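Data first, discussion second: the structure below is written as structure tokens.
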Amino acid sequence: DAKTTQPNSMESNEEEPVHLPCNHSTISGTDYIHWYRQLPSQGPEYVIHGLTSNVNNRMASLAIAEDRKSSTLILHRATLRDAAVYYCILRDWGGTSYGKLTFGQGTILTVHP
Amino acid sequence: EPEVTQTPSHQVTQMGQEVILRCVPISNHLYFYWYRQILGQKVEFLVSFYNNEISEKSEIFDDQFSVERPDGSNFTLKIRSTKLEDSAMYFCASIPRDNQETQYFGPGTRLLVL
């Protein structure tokens, strides 16, 4: 799987928007961009994914650069419950990967009251 | 909303003992996975399982590890002879038939090998 680069940590205040960046300059045409998060003492949790177009769901928005070499996860109004490690993962469903996720270190998001 | 469940939540064992970690994936899910996370480290893929056989395994998943789906619902990870370095959180995950882009994780089993 192609590699992603994320900042080690970010901080935000409650009810403010948060933009979590991810660089993936070696992304291939069939790689989907996935975001998962891991709340303290819990298993990873799916957040959002996309291929080329920006995506929105009830949890977040995903903005994908036109050249697909970077993306940004947007939490529109951070809450204390959003404090977690956020992982940006490229996944090529095709080939022999059988959907496994290759986690990096992720970004530790701290949300201040 | 259906969830992946794992038992036990915590297990303490002596080095050299066998352990079986159990998972009940969400009904009608298609692909099943085990991951582990050593304390303070990243989540690592161990094995994927599809159509009642292993589809992919990592270098970590050596012959001390095995997986089974004995009755169509439970999905187990067995470690035959545990080592100190097997101490970690073990997460089970599964993917549904109708949304193969989303992987659902269980809450994990914390294994401590003494």
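These protein sequences, in sequence, are chains D and F.
When we follow the numbering used here, the leftmost residue of the first sequence carries the number 42, and every step to the right adds one.
When we follow the numbering used here, the leftmost residue of the second sequence carries the number 1472, and every step to the right adds one.
By construction, the Cβ of each residue, glycine as well, lies at the ideal position given by its N, Cα and C atoms.
All values reported here derive from a predicted model rather than from experimental measurement.
Practice item. Return the first residue and the last residue of the beta strand (DSSP E) that residue 1548 of chain F is part of. Key: As a first step, residue 1548 of chain F is located in the second sequence; it is residue number 77 there, counting from the start. Element bounds for residue 1548 of chain F: 1546 to 1550.
Practice item. Could you list which residues in chain D have their beta carbon closer than 8 Å to that of residue 1578 of chain F, in chain order? Key: Counted from its first residue, the second sequence places residue 1578 of chain F at position 107. Within 8 Å Cβ-Cβ: 83 and 84.
Point to revise | beta strand (DSSP E) segments (min. 3 residues) lying fully within the segment 96 to 133 of chain D | key: Runs of the beta strand (DSSP E) inside the segment 96 to 133 of chain D: 102 to 105, 111 to 116 and 125 to 132.
Check your understanding: What three-state label does DSSP hand residue 1527 of chain F in the structure shown?
Key -> For the purposes of this step, residue 1527 of chain F is taken as residue 56 along the second sequence, with counting starting at 1. Looking at residue 1527 of chain F - three-state DSSP - the assignment turns out to be strand.
Exercise for review: Compare the C-beta of residue 1514 of chain F with all C-beta atoms of chain D and state if any pair is closer than 8 Å.
Suggested key: Reading the second sequence from its first residue, position 43 is the one you call residue 1514 of chain F. Taking Cβ atoms only, chain D reaches closer than 8 Å to residue 1514 of chain F, which makes this a yes.
Review point. I think residue 115 of chain D touches residue 102 of chain D, with their Cβ atoms under 8 Å apart; what is that distance to the nearest whole Å?
Key: Within the first sequence, residue 115 of chain D is the residue found at index 74, counting from 1. Within the first sequence, residue 102 of chain D is the residue found at index 61, counting from 1. Contact holds; Cβ gap of about 4 Å.
Practice item. Confirm, please, whether the CB-CB distance from residue 1531 of chain F to residue 1515 of chain F is below 8 Å. Key: Within the second sequence, residue 1515 of chain F is the residue found at index 44, counting from 1. Within the second sequence, residue 1531 of chain F is the residue found at index 60, counting from 1. Going by C-beta atoms, residue 1515 of chain F is nearer than 8 Å to residue 1531 of chain F.
Exercise for review: Mark residue 1555 of chain F as exposed unless 16 or more other C-beta atoms lie within 10 angstroms of its C-beta, in which case mark it buried.
Suggested key: One-based indexing of the second sequence puts residue 1555 of chain F at position 84. With fewer than 16 Cβ atoms within 10 Å of its Cβ, residue 1555 of chain F is classed as exposed.
Point to revise | Three-state secondary structure assigned by DSSP to residue 1556 of chain F | key: As a first step, residue 1556 of chain F must be located in the second sequence, where it is residue number 85. Note: residue 1556 of chain F maps to helix in three-state DSSP.
Practice item. Give the range of the beta strand (DSSP E) segment to which residue 51 of chain D is assigned. Key: As a first step, residue 51 of chain D is located in the first sequence; it is residue number 10 there, counting from the start. Residue 51 of chain D -> beta strand (DSSP E) spans 50 to 54.
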